[in-house]
Every structure is written in structure tokens, then in C-alpha cells.
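Each residue of the sequence shown is one higher than the last, beginning at 224 in our numbering. Cβ coordinates follow ideal geometry from the N, Cα and C atoms, glycine included.
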Amino acid sequence: MNSEDIPFYLPQGNEADLFQHAWNNQLPVMIKGPTGCGKTRFIEHMAAHLGRPLYTVSCHDDLTAADLVGRHLIGEQGTFWVDGPLTRAVREGAICYLDEVVEA
Numbered sequence: 224m225n226s227e228d229i230p231f232y233l234p235q236g237n238e239a240d241l242f243q244h245a246w247n248n249q250l251p252v253m254i255k256g257p258t259g260c261g262k263t264r265f266i267e268h269m270a271a272h273l274g275r276p277l278y279t280v281s282c283h284d285d286l287t288a289a290d291l292v293g294r295h296l297i298g299e300q301g302t303f304w305v306d307g308p309l310t311r312a313v314r315e316g317a318i319c320y321l322d323e324v325v326e327a
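Structure representation (C-alpha cells):
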């Protein structure tokens, strides 16, 4: 990926190295901070830097497990499965960002 395609992010410490280490070791990461401090921008930057797709879920109090994992739907041809963003991220090796997870 071209460095011009990566969203700009100015590290404030070693957060990029820590995220890279977590990614390399398949560890989940929880980023905490006040609204507007750059959490989403950091995740967008790291996803682009790692060359991985990014699925962002805006969490809310009505969010269900099916909203994340997926669900069976009924159509003209019968019942079929539709992956949720978490399942798509796992299948594709992408990053799934649960924005405002405390709201869920």
C-alpha cells in the first residue's frame, strides 16, 4: 500500500507499535478515551497500514449478538444466512472496530 493511501495519524507514544504487536500475536485490543481524541482515526490508520479491511460497528443499546455475528433471513428461495460484520471480518482477516462498545 502506498503511504499516501494511509490516513494520517501522528502517534502520541508507542501505540502503533503496541497495536502492531497485538496484531502479530492475534490479540484483541481495547482503546479507551474521550470522544474526539482520535481512536477511530488510529484504527483507520492501522488498518490501512496493515493492509487489512476495516469493519466499523457503531454500537448502541439495542445492538444484539445477531447484529454482529449474522442471522438467518427468509427470502423467495427459502431461508439463507447473512454474515454480520464480525463474521465477515473473521472470514477476511479484517479488523472489526466496535465503536462506543460501552453503549452496547
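*Do G316 and V305 come within 8 Å of each other at the CB atom, strictly closer than that value?*
Not a contact, by the Cβ cut-off of 8 Å.
*Measure from the alpha carbon of A245 to the alpha carbon of each residue in V324, G301, I318 and L277, then state which is nearest.*
The shortest C-alpha to C-alpha distance from A245 to any of V324, G301, I318 and L277 is the one to I318.
*Could you pull out every residue in the same chain whose Cβ sits closer than 6 Å to the Cβ of H295, ignoring the five residues on either side in sequence?*
T302 and W304
*Could you give the distance in angstroms between the alpha-carbon of R264 and the alpha-carbon of V324?*
16 Å
_Segment limits, beta strand (DSSP E) that includes R294_ = G293 to G298
_DSSP three-state label for L321, please._
strand
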